[in-house]
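What follows is a single structure, written as structure tokens, with notes after it.
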Ligand code: XUL
Ligand code: CO
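Numbering (the numbering used here), first residue to last: 18 to 455.
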């Protein structure tokens, strides 16, 4: 059965096109520097939001009726969902998708039944991947929806839950490998706590580190060559999440000797919930060589939760792509739209509009970022601002020759340091001009 018969394949028609099903800025084959737009952007669709989710919220029932989810049994619905998903990927012209184990296959009565369900769907998914050429960017395990995980998975007070979570990740990782997944993601769904009164935080964090270490060991054992990624988030569902932001995760990995085994999957709306700009968390991860992949979306700055909207803010996309370009790309990571249509956007067409808008925003963001970097305007400002670090004094400090005693002598000789403008407004105006001129 065809789920989107009336919708044409999305194609690049250029900025003057009025066709809502066409890309205005995303031309996959356009060369941007040494790579094509497709190679820089590596777009992925998030299975959970686009195919599984029905739009329920804490106040209301699902609003999004998806024909593929109507079936006599959950496993039949999962099969239909897979058909719909691959039809969608092909029509959209996207190269990658991402999933949690239970988005693609329903959880059974027992672990063995859940594993069988996943095997059955994964086998079909592999066929679909071969037929269409669509690939798996990453897989992950849902360790937060089932009631057993209410108090966390790896950080649960009960080791039986830890073991169950390990079994689930083991299976999800094997499945990701079987499907040629290029990454595997760990988002600490409920790895956090609500009250310090009943929480042994030190022990919980040690358990989380042990879990990650075991997972990385298992990945090596089975020959999974994909990148292992941790996705930071500060809060929601728990009040305090251990993987608060990029800096916290990097510190945690360092503290537990795991920094060479994991990179980060940075999500825009998670960064803003942590009180950061999206680009801040990207830059923190990139500075350590640990920016592995991106969950592209946006929040609503008036709301304190993860609204997971499709990203359409050009300045954010440009700043993000500046970080990506500077580090030479994201591969084997990509840009996954961890985003959902609003629960009032009930038509199937809305799924296309949402993704086309997000893809266009990042494609234009890429082009603008490339022009800014090629013109060297940021580098020029930064070079000027840090120029004194190229002096003898700067060299002494950076090379480790200086001590507090020699620095105190230098400071006495030097007198009051000169004060220089950061020229922030000037550089913001230059940035603005790049946003509005094509
Ligand atoms: C939740 C979230 C997850 C992860 C994968 O906020 O972003 O969907 O991306 O578990
Ligand atoms: Co995410």
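Virtual Cβ for every residue (Gly too), placed ideally from N, Cα, C.
All values derive from a computational prediction rather than experimental measurement.
In the structure shown, the three-state DSSP call for residue 344 is coil. Under the criterion of beta carbons closer than 8 Å, residue 380 and residue 154 do not qualify as touching, at roughly 17 Å. Residue burial is scored here from C-beta neighbours: residue 406 has fewer than 16 other C-beta atoms within 10 angstroms and is therefore classed as exposed. The DSSP-derived three-state label of residue 26 is coil. Around residue 286, the same chain offers 314, 315, 316, 323, 324, 325 as residues with beta carbons nearer than 7 Å, after the five sequence neighbours per side are excluded. According to the DSSP secondary-structure assignment, residue 74 is paired through a beta bridge with 77. Counting along the chain, no beta strand (DSSP E) covers residue 287; the unbroken alpha helix (DSSP H) around it starts and ends at 285-290.
Taking every protein chain shown into account, the CB of residue 36 has fewer than 16 other CB atoms within 10 angstroms, so this residue is exposed. In this structure, the C-beta of residue 253 stays at least 7 Å away from each heavy atom of the ligand CO. In this structure, the CA atom of residue 27 is about 10 Å from the CA atom of residue 43. In this structure, residue 366 sits away from residue 138, with a CB-CB distance that is not shorter than 8 Å. Beta-bridge pairing by DSSP links residue 194 to no other residue.
Within a 10 Å sphere around the beta-carbon of residue 303 sit 16 or more other beta-carbons, which makes this residue buried. If you check the C-beta of residue 335 against the ligand XUL, you find no heavy atom less than 7 Å away. Of the candidates 70, 410, 451, 288, the residue whose Cα lies closest to the Cα of residue 390 is 451.
Apart from the 5 residues on each side of it in sequence, residue 255 sits with its Cβ closer than 8 Å to the Cβ of 169, 207, 208, 209, 210, 211 in its chain, given in chain order. Residues 40, 43, 60 of the same chain have their beta carbon placed closer than 7 Å to that of residue 376, with the five preceding and five following residues left out of the count. Distances from the CA of residue 453 to each of 385, 421, 429, 417 were compared; the closest alpha carbon is that of 385. The Cβ neighbour count for residue 148, taken over all protein chains shown within 10 Å, is under 16; the residue is labelled exposed. Closest option to residue 172, judged by alpha-carbon separation, among 134, 258, 277: 258.
In the structure shown, residue 309 falls within a strand segment according to DSSP collapsed to helix, strand and coil. Chain-ordered, the residues whose CB falls short of 5 Å from any heavy atom of the ligand CO come out as 284, 312, 355. For the 8 Å CB-CB criterion, residue 244 and residue 219 do not form a contact. Residue 452 carries a helical assignment under DSSP once its states are collapsed to helix, strand and coil. A Cβ-Cβ contact shorter than 8 Å links residue 284 with residue 250. Residue 261 and residue 428 have their C-alpha atoms roughly 39 Å apart.
Contiguous beta strand (DSSP E) elements confined to the segment 312-386 occur at 352-354, taking only those with 3 or more residues. Put simply, the segment 349-361 touches the segment 66-78. At least three CB pairs are less than 8 Å apart. Secondary structure note for residue 163: it is in no alpha helix (DSSP H), with a DSSP letter that is neither H nor E.
Residue pairing of residue 247 in beta bridges, as defined by DSSP: 203, 281. Note that the C-beta distance between residue 66 and residue 337 is not below 8 Å. As summarised for the segment 130-154, there are no continuous beta strand (DSSP E) elements at least 3 residues long confined to that stretch.
Between the alpha carbons of residue 141 and residue 445 lies a distance of about 50 Å. Contact annotation, residue 113 with residue 351: C-beta distance approximately 6 Å; criterion of less than 8 Å satisfied.
Closest in C-alpha terms to residue 116, from the list 158, 103, 91, comes 158.
Across the structure, residue 343 and residue 214 are spaced so that their CA atoms are roughly 45 Å apart.
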